[in-house]
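Trainee:
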Amino acid sequence: MTPGSITPGIDLQGTFVRALTDLGLPAGAAKTVWIPLPMLLMLIVATVSIFICVWLERKISAAAQQRIGPEYVGPLGALQAVADGIKLIFKADITPAKADPWLFVIGPAIVVIPVFLSFLIVPFGQNLVITDLGIGIFLWIALSSITPIGLLMAGYSSNNKYSLLGGLRAAAQSISYEVPLALAVLAVVMMSNGLSTVDIVNQQSQYGILGWNIWRQPVGFVIFWISALAECERLPFDLPEAEEELVAGYQTEYTGMKFGLFYVGSYDNLMLSALIVSVLYLGGWSFPIPVEMITGLLGISETAPWVQIITASLGIVMTMLKAYLLVFLTILLRWTVPRVRIDQLLDLGWKFLLPIALVNLLVTAGLKLVFPFAFGG
Amino acid sequence: MLNFLKQVGDYAKETAQAAKFIGQGLSVTFDHMKRRPVTVQYPYEKVIPSERYRGRIHFEFDKCIACEVCVRVCPINLPVVDWEFNRETKKKTLNHYSIDFGVCIFCGNCVEYCPTNCLSMTEEYELASYDRHNLNYDNVALGRLPYKVTEDPMVPPMREFAYLPKGAMDPHDLPKGTQRAGRLPKDILAELEAEAAKKAPAEAVEEASK
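Right, dumping it as structure tokens:
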């Protein structure tokens, strides 16, 4: 990776802080004013992405089943999720008589908070990320393993056999699929010599679509995608909330906004996983043809402000596009693949994905030693 | 060692097959997305019931001879026929007649067997009510005619699948004046009558020549 080839892109923070210091604010205060802004923006992005996900889920499911889907709430039923949310807010908030009140309340919060926190490290451009942490992707892996604790809390505190079974299943599933997930990430990290999500994208973005990690890590991509689906408890891995067996798993006793939090958490988790896959394997914000190449051909300077703005918006669009394509794939999978049994699930995790992920890691390490130019040596 | 390699090979083959089948399944699901829905948005649009639709039963009080055949052919003897014997005319006079549509299964046996055709089946199917006793229709309620969907100004009527022109799947936005596939009964009847009329003068000529 040659540092000179990467353009800095637009630096919103720098511009904002400079504008405030010019107005006479001390530099520290200017930075303090800046800090909540991207966080707020990210919260809004995460929330809006839930609405889009729910809408896509309902419309695509309907299309796959030759139905129409929601039609009357907003244009093409786009506000259906808002209507659902408002209904959930106004529903009676019931805590079962013999439930553990503290765990019952904390459970959903612990499920949702890590998901929202993980949006910290999702980059939409060179500087369009809340924090370019050195441990980047590792933070996501660490945060995603907090979720099953919340699920277990929710399942245990509901004082209901279905909830308990659902919670235990969720914990077992998350723990088994965390391992191949982390190993698949490790292979990518090894190639990009860093955990930072921005570095991972930059390492892929040099040769356009040919440089994306999916070509160098096809096995890793499949492992990661399967494990991510299992982590999100999406079909075919939705055992913890399997309606036919467990009513609704750990959600059984929840009503109102507490139930809504689980709902928000699951869709946000799906969106987050899709974003992370697009960052790790599909080149994140990079366009299939490198932007530098296009600007070079057209004879435009990359650093011109309007070019930078176009590049930045193109990056955001590309990231979202890749993520939503993956979301589309999960919805298609949902109506294609039947749910696996719990023993099949654990078999797949421990006896299939784990060895393959290990072999993939070893092969990547070997390739990195043999072909250092292609595998980031 | 060889055995182990074979096992590994078999496992790999099974994995590839599983992947292939999932791919096939995905393509089927994806293909279904092109097929457009034929949904009729019910309270806002309604399907036109077919000619032989078995809806709520209509009853003509004056035609009834109180023979109680409808009661005998009914699977659960549902119709209630309240009659008196009139000694002067030596005939039964009907006082009341009722059918409880909360219990009726709309099998149409009573309509089939009624000797005077005083029972018939309508195309009415919206019988919902807040109290099940409201579904017990007396002879006045049974004598009411249903509202036709095609005459409702609020509701666009939609044709059923069998009544669509050839190749059409969706009842919406059909061009005006389209007919269903095949010939209509009234056209067949008109043709038969025309043929009979053509034959009739010929027969008359034959008879005259004899």
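So the sequence lines, in the order shown, correspond to chains A and B. Using my numbering, read the first sequence as starting at 56 and increasing by one per residue. Using my numbering, read the second sequence as starting at 458 and increasing by one per residue. Glycine included, C-beta positions come from ideal geometry on N, C-alpha and C.
(1) On the DSSP letters alone, give me the boundaries of the beta strand (DSSP E) that Ile-514(B) sits inside.
(2) From Tyr-211(A) to His-629(B), what does the alpha carbon distance come to, in whole angstroms?
(3) With distances taken from CA atoms, which of Thr-546(B), Arg-544(B), Phe-563(B) is nearest Cys-527(B)?
(4) Between the segment 502-521 of chain B and the segment 593-604 of chain B, can you find at least three pairs of beta-carbon atoms closer than 8 Å?
(5) Going by DSSP, what residue range makes up the alpha helix (DSSP H) through Phe-193(A)?
(6) Let me see if you follow: with CB-CB separation under 8 Å, is Gln-442(A) close to chain B or not?
(7) Ordered along the chain, which non-local residues of its own chain (more than five positions away) have a Cβ less than 7 Å from that of Met-56(A)?
(8) Enumerate in chain order the residues of its own chain whose CB-to-CB distance from Ile-645(B) is below 8 Å, with the five nearest sequence positions on each side excluded.
(9) Taking C-beta pairs closer than 7 Å, name the residues in chain A that Phe-487(B) reaches, listed in chain order.
(10) Pick from Ala-523(B), Ala-619(B), Phe-487(B), Val-504(B): whose alpha carbon is nearest that of Glu-608(B)?
(11) Can you confirm whether Gln-121(A), when its beta carbon is compared against all beta carbons of chain B, has any partner nearer than 8 Å?
(12) Would you please state the rounded distance, in angstroms, between the beta carbons of Leu-250(A) and Gly-191(A)? I believe it to be under 8 Å.
(13) What does a CB cutoff of less than 8 Å around Leu-223(A) pick up in its chain, not counting 5 residues either side in sequence?
(14) May I ask which residues mark the beginning and end of the alpha helix (DSSP H) holding Asp-467(B)?
(15) Of the choices Val-109(A), Trp-270(A), Ile-397(A), Cys-287(A), whose alpha-carbon is the least far from that of Ile-196(A)?
(16) Assuming the contact rule is C-beta atoms closer than 8 Å, Val-240(A) and Leu-353(A) should be a hit. Round their C-beta distance to whole Å, please.
(17) Would you check if the distance between the CB atom of Val-512(A) and the CB atom of Thr-252(A) is smaller than 8 Å?
(18) Please state if the CB of Leu-592(B) and the CB of Asp-557(B) are separated by a distance shorter than 8 Å.
(19) Excluding the 5 residues flanking Leu-238(A) on each side, which residues of the same chain have their C-beta closer than 7 Å to its C-beta?
(20) Go ahead and pull the three-state DSSP assignment for Val-504(B).
(21) Should Thr-486(B) and Arg-122(A) be called a contact, given that it needs their Cβ atoms to be closer than 8 Å?
(22) Expressed to the nearest angstrom, what Euclidean distance is found between the alpha-carbon atoms of Thr-62(A) and Gln-181(A)?
(23) Assuming Leu-316(A) contacts Val-167(A) under a Cβ cut-off of 8 Å, what Cβ separation, rounded to an integer in Å, is found between them?
(24) At the 8 Å Cβ level, is Gly-639(B) part of the contact set with chain A, yes or no?
(25) Given a cut-off of 8 Å, decide if Ala-420(A) and Met-245(A) are closer than it, judged by their beta-carbon atoms.
(26) Taking only beta carbons into account, state which residues of the segment 459-484 of chain B come closer than 7 Å to chain A, listed in chain order.
(27) Are at least three pairs of beta-carbons, each pair with one atom in the segment 104-118 of chain A and one in the segment 273-284 of chain A, less than 8 Å apart?
(28) Does Val-537(B) come out as helix, strand or coil in the three-state DSSP assignment?
(29) Is it right to say Arg-389(A) is buried, meaning 16 or more other beta carbons lie within 10 angstroms of its own, or is it exposed?
(30) Give the residues of chain A in contact with Met-490(B), contact being defined as C-beta atoms less than 7 Å apart.
(31) What are the start and end residues of the beta strand (DSSP E) that includes Thr-550(B)?
(32) Measure the CB-CB distance between Met-312(A) and Asp-155(A) and report whether it falls below 8 Å.
(33) Residues in the same chain with beta-carbon distance under 6 Å from Pro-345(A), minus the five sequence neighbours each way, listed in chain order, please.
(34) Tyr-309(A) and Pro-203(A) look like a contact to me (Cβ under 8 Å); what is the Cβ gap, rounded to whole Å?
(35) Chain A partners of Pro-613(B), CB-CB under 7 Å?
(36) Going along the chain, which unbroken runs of the alpha helix (DSSP H) with 4 or more residues stay wholly within the segment 355-427 of chain A?
Mentor: With the given structure in hand:
(1) Along the second sequence, read from residue 1 onward, the residue named residue 514(B) stands at position 57. From DSSP, the beta strand (DSSP E) with Ile-514(B) extends over 514-516.
(2) As a first step, residue 211(A) is located in the first sequence; it is residue number 156 there, counting from the start. As a first step, residue 629(B) is located in the second sequence; it is residue number 172 there, counting from the start. If I take the Cα positions, the gap works out to 52 Å.
(3) Here the question's residue 527(B) lines up with position 70 in the second sequence. Checked all of Thr-546(B), Arg-544(B), Phe-563(B); the closest Cα to Cys-527(B) is Phe-563(B).
(4) yes
(5) The residue given as residue 193(A) occupies position 138 in the first sequence. First-last of the alpha helix (DSSP H) with Phe-193(A): 191-199.
(6) Given that chain A is displayed from residue 56 to residue 432, the structure contains no residue 442(A) and the question cannot be resolved.
(7) Numbered from 1 along the first sequence, position 1 holds the residue referred to as residue 56(A). The predicted position of Met-56(A) is uncertain, since its pLDDT is 33 and thus under 50; a value taken from the coordinates is nonetheless stated next. Around Met-56(A): Asn-257, Gln-258.
(8) As a first step, residue 645(B) must be located in the second sequence, where it is residue number 188. Once the five neighbours on either side are set aside, Ile-645(B) has no close Cβ partner at all.
(9) Looking up residue 487(B) in the second sequence gives position 30. Leu-387, listed in chain order.
(10) Residue numbering aside, residue 608(B) sits at position 151 when the second sequence is read from its first letter. Ranking Ala-523(B), Ala-619(B), Phe-487(B), Val-504(B) by Cα distance to Glu-608(B) puts Val-504(B) first.
(11) By one-based count along the first sequence, residue 121(A) stands at place 66. With 8 Å as the cut-off, Gln-121(A) counts as an interface residue toward chain B.
(12) Your numbering for residue 250(A) matches position 195 in the first sequence. Your numbering for residue 191(A) matches position 136 in the first sequence. Correct: roughly 5 Å between the Cβ atoms.
(13) Translated into positions along the first sequence, residue 223(A) becomes position 168. Taken in chain order, the residues that qualify are Leu-207, Gly-210.
(14) Taking the second sequence and counting its residues from 1, one reaches residue 467(B) at position 10. Its alpha helix (DSSP H) spans residues 459-489.
(15) On the first sequence, position 141 is the one that residue 196(A) refers to. When only C-alpha atoms are compared, the closest one is Cys-287(A).
(16) Here residue 240(A) refers to the residue found at position 185 when the first sequence is read from its first residue. Here residue 353(A) refers to the residue found at position 298 when the first sequence is read from its first residue. Going by Cβ atoms, the distance from Val-240(A) to Leu-353(A) rounds to 37 Å, so no, they are not a contact pair.
(17) No statement about residue 512(A) is possible, as the shown extent of chain A runs from 56 to 432 and does not include it.
(18) Position 100 of the second sequence, counted from the start, is the residue given in the question as residue 557(B). Position 135 of the second sequence, counted from the start, is the residue given in the question as residue 592(B). Yes, they are a contact pair.
(19) The residue labelled residue 238(A) in the question sits at position 183 within the first sequence. Cβ neighbours of Leu-238(A) beyond the five flanking positions: Ala-412, Leu-413, Leu-416.
(20) By one-based count along the second sequence, residue 504(B) stands at place 47. Three-state result, Val-504(B): strand.
(21) Here residue 486(B) is taken as the residue at index 29 of the second sequence, counted from 1. Here residue 122(A) is taken as the residue at index 67 of the first sequence, counted from 1. No, the Cβ-Cβ distance between Thr-486(B) and Arg-122(A) is not below 8 Å.
(22) For this step, residue 62(A) is matched to residue 7 along the first sequence. For this step, residue 181(A) is matched to residue 126 along the first sequence. Residue placement at Thr-62(A) cannot be trusted, given a pLDDT of 47 that sits under 50; what the coordinates show is reported in the next sentence. Thr-62(A) and Gln-181(A): Cα-Cα distance of roughly 8 Å.
(23) Taking the first residue of the first sequence as 1, we reach residue 316(A) at position 261. Taking the first residue of the first sequence as 1, we reach residue 167(A) at position 112. Confirmed, about 5 Å.
(24) Counted from its first residue, the second sequence places residue 639(B) at position 182. Not an interface residue.
(25) Against the first sequence, residue 245(A) aligns to sequence position 190. Against the first sequence, residue 420(A) aligns to sequence position 365. Closer than 8 Å, so yes.
(26) Ile-479, Gly-482, Leu-483
(27) no
(28) Translated into positions along the second sequence, residue 537(B) becomes position 80. Residue state, collapsed to three classes: strand.
(29) Along the first sequence, read from residue 1 onward, the residue named residue 389(A) stands at position 334. Buried is the call here.
(30) The sequence position of residue 490(B) within the second sequence is 33, counting from 1. Residues of chain A passing the Cβ test: Ala-118, Ala-119.
(31) Along the second sequence, read from residue 1 onward, the residue named residue 550(B) stands at position 93. Thr-550(B) -> beta strand (DSSP E) spans 548-557.
(32) In the first sequence, residue 312(A) corresponds to position 257, counting from 1. In the first sequence, residue 155(A) corresponds to position 100, counting from 1. No, these two residues do not count as a Cβ contact at 8 Å.
(33) Here residue 345(A) refers to the residue found at position 290 of the first sequence. So the list reads Gly-263, once near-sequence residues are dropped.
(34) The residue labelled residue 309(A) in the question sits at position 254 within the first sequence. The residue labelled residue 203(A) in the question sits at position 148 within the first sequence. Not quite, the Cβ-Cβ distance comes to about 17 Å (not below 8 Å), so this is no contact.
(35) Here residue 613(B) refers to the residue found at position 156 when the second sequence is read from its first residue. Within 7 Å Cβ-Cβ: nothing; Pro-613(B) doesn't reach chain A, min ~16 Å.
(36) 360-389, 397-402, 409-425
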